[in-house]
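Enquirer:
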Amino acid sequence: VLCNSEHTEISVKNWLEVPQEKLLRYVVHIEDYFKPGIKKNKITYMSRKNFQFCMFVINYLEGRYQNWEFEDIKGATKEEVAHSMSTSKIFLAFGGPEGLGSPPIEAALSGNKVIGFDGYGGKEYFNEPIFTEVPYGNHYAYLLKTTEQLPLWENRSILDDEACVRQMEIGRAPRLN
Numbered sequence: 574v575l576c577n578s579e580h581t582e583i584s585v586k587n588w589l590e591v592p593q594e595k596l597l598r599y600v601v602h603i604e605d606y607f608k609p610g611i612k613k614n615k616i617t618y619m620s621r622k623n624f625q626f627c628m629f630v631i632n633y634l635e636g637r638y639q640n641w642e643f644e645d646i647k648g649a650t651k652e653e654v655a656h657s658m659s660t661s662k663i664f665l666a667f668g669g670p671e672g673l674g675s676p677p678i679e680a681a682l683s684g685n686k687v688i689g690f691d692g693y694g695g696k697e698y699f700n701e702p703i704f705t706e707v708p709y710g711n712h713y714a715y716l717l718k719t720t721e722q723l724p725l726w727e728n729r730s731i732l733d734d735e736a737c738v739r740q741m742e743i744g745r746a747p748r749l750n
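Per this note's numbering, residue 574 is the first one in the sequence shown, and the count goes up by one each step.
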């Protein structure tokens, strides 16, 4: 059984009673077309999960940060998502506790600061400086973390930060656990 995170491995082992020797951990593969482009003050997000929570946060941020563009990538093709993420600086992750979703990883490898929920399965990927985790379902913490981060990236992107670039390079390196 292939498992993309420690969370998935523990879940499969405990809930489906699969023996450890039948589990194989692997690193999520992201298509090569998820890469940075020319950045602008744009925030991408996907409203498909936790829609009401997402809209609460987006409505607040749009009113406060009018010099930022906000783009919902829900329903876009993979190519459209890749293009959108290549030009944005920030990705807001609203996924639920379903495990590790690809969009936050795709966003990071496209040169985005990622703020939001790790989905529990993404805990091992959600490390600073690129990822800023928010406790699942906490409106106040989400707004606080986002309003702390946005001013830091207004005149630069993670591509201008040496530690972020190193983290992106490590994320692109092929490996098996």
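Cβ coordinates follow ideal geometry from the N, Cα and C atoms, glycine included.
I'd like to know if the segment 644 to 652 and the segment 685 to 693 are in contact, where contact means that at least 3 CB-CB pairs between them fall below 8 Å.
Expert: Counting Cβ pairs under 8 Å, fewer than three are found: no touch.
Enquirer: Taking 9 Å as the cut-off, decide whether the C-beta atoms of Ser-578 and Leu-673 are in contact.
Expert: Taking the sequence shown and counting its residues from 1, one reaches residue 578 at position 5. Taking the sequence shown and counting its residues from 1, one reaches residue 673 at position 100. Yes; because the gap between Cβ atoms is below 9 Å, this pair is in contact.
Enquirer: Would you say Ile-678 reaches chain B, if we count a Cβ-Cβ gap shorter than 9 Å as a contact?
Expert: Among the protein chains of the structure shown there is no chain B, as only one such chain exists.
Enquirer: Measuring alpha carbon to alpha carbon, tell me which residue in Lys-718, Gln-625, Tyr-698, Ser-683 is nearest His-580.
Expert: For the purposes of this step, residue 580 is identified with residue 7 of the sequence shown, where counting begins at 1. Taking only the C-alpha atoms, the option nearest His-580 is Tyr-698.
Enquirer: Measure the beta-carbon distance from Leu-732 to Lys-608 and round it to whole angstroms, keeping in mind my assumption that it falls under 8 Å.
Expert: Reading the sequence shown from its first residue, position 159 is the one you call residue 732. Reading the sequence shown from its first residue, position 35 is the one you call residue 608. About 11 Å separates the two Cβ atoms, so there is no contact after all.
Enquirer: On the three-state DSSP scale, how would you describe Tyr-713?
Expert: Within the sequence shown, residue 713 is the residue found at index 140, counting from 1. In this structure, Tyr-713 counts as helix in the three-state DSSP scheme.
Enquirer: Could you tell me the boundaries of the beta strand (DSSP E) in which Glu-706 lies?
Expert: In the sequence shown, counting from the first residue as 1, residue 706 sits at position 133. Glu-706 -> beta strand (DSSP E) spans 704 to 706.
Enquirer: Where Arg-748 and Glu-742 are concerned, what is the direct C-alpha to C-alpha distance, given to the nearest angstrom?
Expert: Walking along the sequence shown from the start, residue 748 turns up at place 175. Walking along the sequence shown from the start, residue 742 turns up at place 169. Unreliable placement is indicated for Arg-748, whose pLDDT of 45 sits below 50; the coordinate value is still reported in the next sentence. One C-alpha to the other measures close to 12 Å.
Enquirer: Helix or strand or just coil, what does DSSP make of Leu-673?
Expert: Translated into positions along the sequence shown, residue 673 becomes position 100. Note: Leu-673 maps to coil in three-state DSSP.
Enquirer: As a quick exercise: from Leu-634, Ile-631, Ile-646, Asn-623, pick the residue whose alpha carbon is nearest that of Pro-670.
Expert: Against the sequence shown, residue 670 aligns to sequence position 97. Of the candidates Leu-634, Ile-631, Ile-646, Asn-623, the one whose C-alpha sits nearest the C-alpha of Pro-670 is Asn-623.
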